[in-house]
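Numbering (this note's numbering) for the sequence shown: 47 to 438. Heads up, the beta-carbon is just placed ideally off N, CA and C, and yes, glycines get one too.
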Amino acid sequence: MYHDRFQQPDYYQVDELFTDEQKLIRDTVRAWVKKEVSPIIEEYAQRGEFPKHLIKGLAEMGCFGPTIPVEYGGGGLDSISYGLMMQEIERGDSGIRSTASVQGSLVMYPIYAYGSEDQRKKYLPRLASGEWMGCFGLTEPDYGSNPSDMISNYKDAGDHVVLNGAKMWISNAPFADVAVVWAKDEAGDIRGLILERGMKGFTTPETHGKWSLRASATGELVFDNVQVPKENIFPNVKGLKGPLGCLTKARYGIAWGALGAAMDCYDSALRYSKERIQFGKPIGSFQLTQKKLAEMITEITKAQLLVWRLGVLVNENRATPGQVSMAKRNSVEIALNISREARQIHGGMGITGEYPIMRHMMNLESVVTYEGTHDIHLLITGMDVTGLNAFK
Ligand code: TGC
Ligand code: FAD
């Protein structure tokens, strides 16, 4: 069984930028990850199974909807606390952070931000407690980076609408009780609907054979003349800005989360470099190993400061989606690079499940693609700085 000896790197005393409450929240989640996630995650990932029993603990710590107001079952916390939670969970495994991101930012947030009061009261407390789990359907087989061209659509049929189409690559789909689905109405406007498992014509086949995010369940959402009550449509949003608003929330969480995976790889590589002896010396004494470690801690430190500053801006309602894009892309890119270098430092051991490196590396190959690919985020930044839109 993997013994979690993680010690957080903090080269610039970034800890001093957090409040006591934020540190307490982080330390609580960290202790839970050490106790509940680290000892079992490798086995679940190797088996390709989501550890469903972790849902209870995540809910009890308030990781589902940490920024949603308390009256709806959320945590009522600030965004830096939310970020630190995601950092700690993804330090354990990106797939577990995915589950928390989807539940909180992609399912609870749209219900809170765009839903009716009845929808909020019906769904949010149950989602916060983990009694119901949710998923988010935007991507389609033929429309990933450009969701505005989606095919899924519904037609008016009196007191309900009839939904047809399909979504793919949907995290948590195979076991979700509730799905927030984006589809076009008869006018061609993108609208959000809440579907429940058991609705006739609604199925969620599982996607098998992933080499990445193996401890997260992924599936399709298939809509075959599904009758959805009109009261399940979000009344307060129309157009692509609906799903993109949710993505901004989730991408912010990933910016912190991927940093957690990077820290875990660095911590493991640093320890290994001091313990592993070759040519009569610890491999950490060789200049090439020190270069790798020095570059890792530099990138981690820069990213820590970037996400902290972003968190301040989010808390003050001043962050732009472009700033969130930059942080998501940067954190995932540095985490992927660090995981690859850490893999080298671990030599052959780096490919085994005795160390978390290969699992993080493979997970990050999904994280760099979902919630907007690396290149899509580069183009968003490019559009921000030039004022010229590369997508149109
Ligand atoms: P565009 O014309 O630029 O924008 C349409 C409307 O949306 C507004 N907007 C945003 N609003 C909030 N947040 C953002 N980040 C926003 N970006 C744009 C925009 O102002 C406009 O509003 P309005 O009022 O004028 O209508 O849209 P476009 O069709 O040109 O697309 C732009 C592009 C390419 C950046 C966008 O489509 C995009 O981000 N594509 C990437 C798709 C993506 O990220 N998919 C993710 C699927 S979900 C997922 O991966 C979950 S993984 C879960 C897990 O396991 O963690
Ligand atoms: P494509 O859009 O086909 O892109 C292929 C390549 O082309 C990429 O490298 C991309 O950067 C590049 N490209 C595309 N357009 C341009 C351009 N204009 N300029 C330059 N390069 C471009 N989706 C959901 O809705 N809900 C989920 O819960 C969810 N979970 C996921 C879980 C996993 C494990 C994975 C892998 C994906 C998940 N997704 C989910 C889907 C994810 O958001 C998409 O995979 C992603 O948005 C990219 O879409 P695509 O795979 O269709 O790639």
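Over what stretch of residues does the beta strand (DSSP E) that includes residue i continue unbroken?
i: residue 183; result: 180–183
i: residue 206; result: 206–217
i: residue 225; result: 224–230
i: residue 203; result: 199–203
Which first and last residues belong to the alpha helix (DSSP H) in which residue i is found?
i: residue 169; result: 163–174
i: residue 69; result: 66–78
i: residue 383; result: 367–391
i: residue 421; result: 420–432
i: residue 81; result: Note, residue 81: premise wrong, no alpha helix (DSSP H); not H, not E.
i: residue 406; result: 403–413
i: residue 349; result: 333–361
Is there at least one non-hydrogen atom of the ligand TGC closer than 7 Å to the beta-carbon of residue i?
i: residue 341; result: no
i: residue 422; result: yes
i: residue 147; result: yes
i: residue 416; result: yes
i: residue 185; result: yes
i: residue 194; result: yes
i: residue 438; result: yes
i: residue 433; result: no
i: residue 157; result: no
i: residue 367; result: yes
i: residue 198; result: no
i: residue 138; result: no
i: residue 161; result: no
i: residue 144; result: yes
i: residue 173; result: no
i: residue 306; result: no
i: residue 239; result: no
i: residue 285; result: yes
i: residue 334; result: no
Is it the case that the Cβ atoms of residue i and residue j are separated by a distance below 8 Å?
i: residue 220; j: residue 252; result: yes
i: residue 269; j: residue 212; result: yes
i: residue 96; j: residue 258; result: no
i: residue 129; j: residue 108; result: no
i: residue 48; j: residue 387; result: no
i: residue 207; j: residue 131; result: no
i: residue 305; j: residue 236; result: no
i: residue 378; j: residue 414; result: yes
i: residue 137; j: residue 309; result: yes
i: residue 142; j: residue 181; result: no
i: residue 444; j: residue 385; result: The structure shown does not extend to residue 444, since the chain spans only 47 to 438, so no value can be given for it.
i: residue 147; j: residue 365; result: no
i: residue 152; j: residue 118; result: no
i: residue 139; j: residue 389; result: no
i: residue 135; j: residue 79; result: yes
i: residue 278; j: residue 240; result: yes
Should residue i be counted as a contact of the ligand FAD given a C-beta to heavy atom distance under 7 Å?
i: residue 78; result: no
i: residue 190; result: yes
i: residue 295; result: no
i: residue 215; result: yes
i: residue 182; result: yes
i: residue 250; result: no
i: residue 462; result: The structure shown has nothing for residue 462, since the chain only spans 47 to 438.
i: residue 65; result: no
i: residue 290; result: no
i: residue 352; result: no
i: residue 398; result: no
i: residue 259; result: yes
i: residue 113; result: no
Using 7 Å as the cut-off, classify the Cβ of residue i as near or not near the heavy atoms of the ligand ADP, replying yes or no.
i: residue 425; result: Summarising the ligand content, the structure contains the ligand TGC and the ligand FAD and does not contain the ligand ADP.
Practice prompt. Output the residue ranges of the beta strand (DSSP E) runs that lie fully inside the segment 237–306 and measure 3 residues or longer, sorted by chain position.
Written response: 264–275
Fill in: Ranges of the alpha helix (DSSP H) found wholly within the segment 92–164, counting only runs of at least 4
100–106, 125–138, 140–147 and 155–160
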